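These protein sequence lines map, in sequence, to chains A and B. When you read off a place in the first sequence, starting at 1, and then add 124, the result is the number in this note's numbering. When you read off a place in the second sequence, starting at 1, and then add 124, the result is the number in this note's numbering. Even for Gly, the Cβ is constructed at its ideal location relative to N, Cα and C. Since this is a predicted model, take the numbers as computed values, not measurements. The structure under discussion appears below in the form of structure tokens.
There are 2 protein chains.
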Amino acid sequence: MGSIGHVTPQAMHFAQPLALRSGARLSEYTLAYETYGTLNAERSNAVLVCHALNASHHVAGTYAGQARSEGWWDNLIGPGKSLDTDRFFVIGVNNLGSCFGSTGPMHTNPATGRAWGADFPVVTVEDWVDTQARLMDALGIARLAAVIGGSLGGMQALDWALRYPERLRCCIAVATAPNLSAQNIAFNEVARRAIVTDPDFHGGHFYEHGTLPRRGLRVARMIGHITYLSDDAMEEKFGRELKGDAIGYSTQEIEFQIEAYLRHQGDKFSEYFDANTYLLITRVLDYFDPAREHGGDLTRAFAGAKCKFQLVSFTTDWRFSPARSREIVKALLDNRLDVSYAEIEAPHGHDAFLLDDARYHAVLRACFDNVAADSRDAGRAEPRAAPKPARLSSGDRPTYPSGEGQS
Amino acid sequence: MGSIGHVTPQAMHFAQPLALRSGARLSEYTLAYETYGTLNAERSNAVLVCHALNASHHVAGTYAGQARSEGWWDNLIGPGKSLDTDRFFVIGVNNLGSCFGSTGPMHTNPATGRAWGADFPVVTVEDWVDTQARLMDALGIARLAAVIGGSLGGMQALDWALRYPERLRCCIAVATAPNLSAQNIAFNEVARRAIVTDPDFHGGHFYEHGTLPRRGLRVARMIGHITYLSDDAMEEKFGRELKGDAIGYSTQEIEFQIEAYLRHQGDKFSEYFDANTYLLITRVLDYFDPAREHGGDLTRAFAGAKCKFQLVSFTTDWRFSPARSREIVKALLDNRLDVSYAEIEAPHGHDAFLLDDARYHAVLRACFDNVAADSRDAGRAEPRAAPKPARLSSGDRPTYPSGEGQS
């Protein structure tokens, strides 16, 4: 069991316009992605990994010459790991509107020649999944062995199962929800207001002003971070421990360790994350609600789903609590779908989905063992002439040909 | 059962310096307060009401000529109400550092001739209770029938029991905690950072700059508000209801009703609340921790307490959960103290302590019936020469004489 070693990000350009749920159109766009492992001859062993709010296509492995550059799910993915790159061809993709290489607010709006800024069109989980499907077409993958994601990534996995039912064998949705609760939206909204009302935001066109709305981003990240951790985990890790030897009686200096930790998280985040991306991606979360167009009936929303499902939740996750996963499980069972559900006793809150918990990873290992067995069967049962993948390397921006399928 | 009717705020000036826990001294200060009902001849029927973060001495009744000017606990306090002003002499006091009349950051620092701003000394629950005790001296009240408060107000009630054990018969602490958890401190810290990093804060001296850090205050209040409500209550009240007829696909416009509600709360708050006071009072919350000087042992902290206790918590309060009240109850029982505890099944979260819930108010009514009975007994058993109260009226600022007792 080890690391994949050095990996190289790639980029795929798509020249065909993309119609978004908002009604807006992107005339062209680029997706950054990475792949690990080898696509087998039957093209039946591909696993798509979807990222959550602040992650990227860099899912596993490291970048040459960059210390501490492990991908965000490196503990799960690699040779011999639960998602075994000796068996699977793993694809990480950066979503539209993000700030790690795919087309987003920092890039040039072809209509104006200026950076998009806050004018970048609002995207949705459905838009993301459509672009991911196009990428799979370009890579010659008609059907995925699995789509996996945690949190917002889990919502993308669910959307694959809902809208591309023929194109995946297994949907693995971890620490997710069928939609955000009012409280979830509330936290997102406070974070957005902190960013938007930062005078350095300049209506989202701060790039041109040579500023960054760091204050707003810091506050946004601090709020987010509180919701990622469980009350208990915070209590255990920080409690009421003071930073210094004694209380300093100050409203602005750091008194408690938890304050130092949060400020550090906020500072770090404000240095690398784009404010417009933060606004966009919190909205992607807010809008996801597959039951809405079925009168709020989640069971009906899943009526067309065909794949197997693995749901995982964590007992102390109060952002996306086990109760939210159970809503999904119920809707799947109502449809007589094949679903396995694991509720993991873990102290870490929502963050648990990113951590190396033995029971959690054992569940995913067993799930991928089943996926591998199914994929071998599938490879034998349905050999098919898949489209040839474009050859790609870092820096290349091959133009995506027309004809992508939305089967 | 009705309203007290029109009430008049009063003010008491204290010329004797006050030594604060921080080591700082206030050479003089004024407390705003209100009283309702009549102090009986035995001076045994006085009840002190302590306020929480953003409230004041205006606890019940209305102000003449001001619509919607009900005091913040008017549903509890009045003729025939649970805290019956036909039986009790009720005192509401605005705490030091607040922004509703008592000496605070908006007032002039006698040492500089400028507004205190962020230089106003950091205060604590203990400092507040000391000033409340001086006010009781000035009003000629040697011993209170009860001290009652919710949330931060409950902490003050507990501190009375800890440090002035002879001066109250009953401590009524509602929806409170023996100290803040790391998560509680974390929320306070994010709110503070939002205020302090608002460019209009000007290091706390915004008064001189003719600005108000409204952006920061708005975000602070929005964060606070999320923690006052239960997840369920928010879900029930707002759910995922849209503001308009359809999704507008905007990161900055209001999409969901919960967003409109939060923004409204933030806007309203930023118009009337002082930013420096917000910083100070969140620190008052952070610092309260009576067990700290007893090696973290809450039981030892309460060893000297003598009064009766009524604790109340609410099942859906995740800010100050029932578990936190139970910690206090355990410490009291360990000391063989007389304690009654009610855990009220209420959907409203922390806000429940301000709401008119029949079961909750019935518990307090029963408690005050007992307090009244005890007070009558006490009035008969221990007639004592109490100091004569100063005569006060609105606008008067009688100087507080020396000799206040810290029994």
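Rounded straight-line distance, which links the Cα of residue j to that of residue i
i: K205 of chain B; j: D493 of chain B; result: 11 Å
i: L282 of chain B; j: P323 of chain B; result: 38 Å
i: L478 of chain A; j: W197 of chain A; result: 6 Å
i: D210 of chain B; j: S374 of chain A; result: 43 Å
i: A415 of chain B; j: I378 of chain B; result: 45 Å
i: S180 of chain B; j: L268 of chain B; result: 20 Å
i: L276 of chain A; j: S445 of chain A; result: 14 Å
i: Y288 of chain B; j: C294 of chain B; result: 12 Å
i: T236 of chain B; j: G327 of chain B; result: 16 Å
i: C174 of chain A; j: F426 of chain B; result: 53 Å
i: H137 of chain A; j: E467 of chain A; result: 40 Å
i: P525 of chain A; j: A266 of chain A; result: Low local confidence applies: a pLDDT of 29 at P525 of chain A is under 50, so the model's placement there is unreliable, with the coordinate-based value given in what follows. Near 15 Å, if we compare the C-alpha coordinates of A266 of chain A and P525 of chain A.
i: K367 of chain B; j: I382 of chain B; result: 9 Å
i: C109 of chain B; j: I296 of chain B; result: There is simply no residue 109 of chain B to check, as chain B begins at 125 and stops at 531 in what is shown.
i: Y153 of chain A; j: S226 of chain A; result: 8 Å
i: S168 of chain A; j: A399 of chain A; result: 38 Å
i: T162 of chain A; j: A170 of chain A; result: 9 Å
i: P141 of chain A; j: A306 of chain A; result: 34 Å
i: P234 of chain A; j: F330 of chain A; result: 18 Å
i: R450 of chain B; j: E469 of chain B; result: 15 Å
One or two residues paired with residue i in a DSSP bridge
i: C174 of chain B; result: B:G273
i: M136 of chain A; result: A:L155
i: K432 of chain B; result: B:C294
i: T232 of chain B; result: B:A239
i: H130 of chain A; result: A:T186
i: Y160 of chain A; result: A:V214
i: R149 of chain B; result: B:A143
i: F380 of chain B; result: B:L366
Min CB distance residue i to chain B below 8 Å
i: G221 of chain A; result: no
i: L404 of chain A; result: yes
i: L286 of chain A; result: no
i: M346 of chain A; result: yes
i: R407 of chain A; result: yes
i: E377 of chain A; result: no
i: L282 of chain A; result: no
i: L276 of chain A; result: no
i: A510 of chain A; result: Note that A510 of chain A scores a pLDDT of 48, beneath 50, so its modelled location is shaky; the value from the coordinates is reported in the next line. No, A510 of chain A does not count as interfacial toward chain B.
i: G363 of chain A; result: yes
Min CB distance residue i to chain A below 8 Å
i: A253 of chain B; result: It is worth fixing the name first, because residue 253 of chain B is Val in this sequence and not Ala. Output row for V253 of chain B: interface = no.
i: M358 of chain B; result: yes
i: P507 of chain B; result: Reliability fails at P507 of chain B, whose pLDDT of 47 lies under 50, so the model's placement of it is uncertain and the value that follows must be treated cautiously. For P507 of chain B, the answer is no, since every Cβ of chain A falls outside 8 Å of its Cβ.
i: Y373 of chain B; result: yes
i: S305 of chain B; result: yes
i: D355 of chain B; result: yes
i: P323 of chain B; result: yes
i: S146 of chain B; result: yes
i: I272 of chain B; result: no
i: E166 of chain B; result: no
i: V249 of chain B; result: no
i: Y411 of chain B; result: yes
i: F224 of chain B; result: no
i: F380 of chain B; result: yes
i: M125 of chain B; result: no
Cβ distance (whole Å) where residue i is taken to contact residue j below 8 Å
i: L200 of chain A; j: T255 of chain A; result: Contact flag wrong, Cβ pair sits at about 23 Å.
i: Y402 of chain B; j: A344 of chain B; result: 6 Å
i: T248 of chain A; j: F311 of chain A; result: Contact doesn't hold; Cβ gap of about 19 Å is too wide.
i: A299 of chain B; j: A476 of chain B; result: 7 Å
i: T321 of chain B; j: R339 of chain A; result: 4 Å
i: D356 of chain B; j: P471 of chain B; result: 6 Å
i: R364 of chain B; j: D413 of chain A; result: 6 Å
i: A143 of chain A; j: A156 of chain A; result: That pair is no contact at about 22 Å.
message: Runs of 4 residues minimum, wholly inside the stretch 244-331 of chain B: which ones carry the alpha helix (DSSP H) assignment?
response: The qualifying runs are 249-262, 276-287 and 306-320.
- request: Report the residue ranges of all beta strand (DSSP E) runs contained in full by the stretch 188-224 of chain A; include only those spanning at least 3 residues, in chain order.
  value: Listed in chain order, the complete beta strand (DSSP E) runs (minimum 3 residues) inside the stretch 188-224 of chain A are 213-217.
field: Length at least 3, wholly inside the stretch 416-470 of chain A: the beta strand (DSSP E) runs in chain order
entry: Counting whole runs of 3 or more residues, the stretch 416-470 of chain A contains the beta strand (DSSP E) stretches 432-438 and 463-468.
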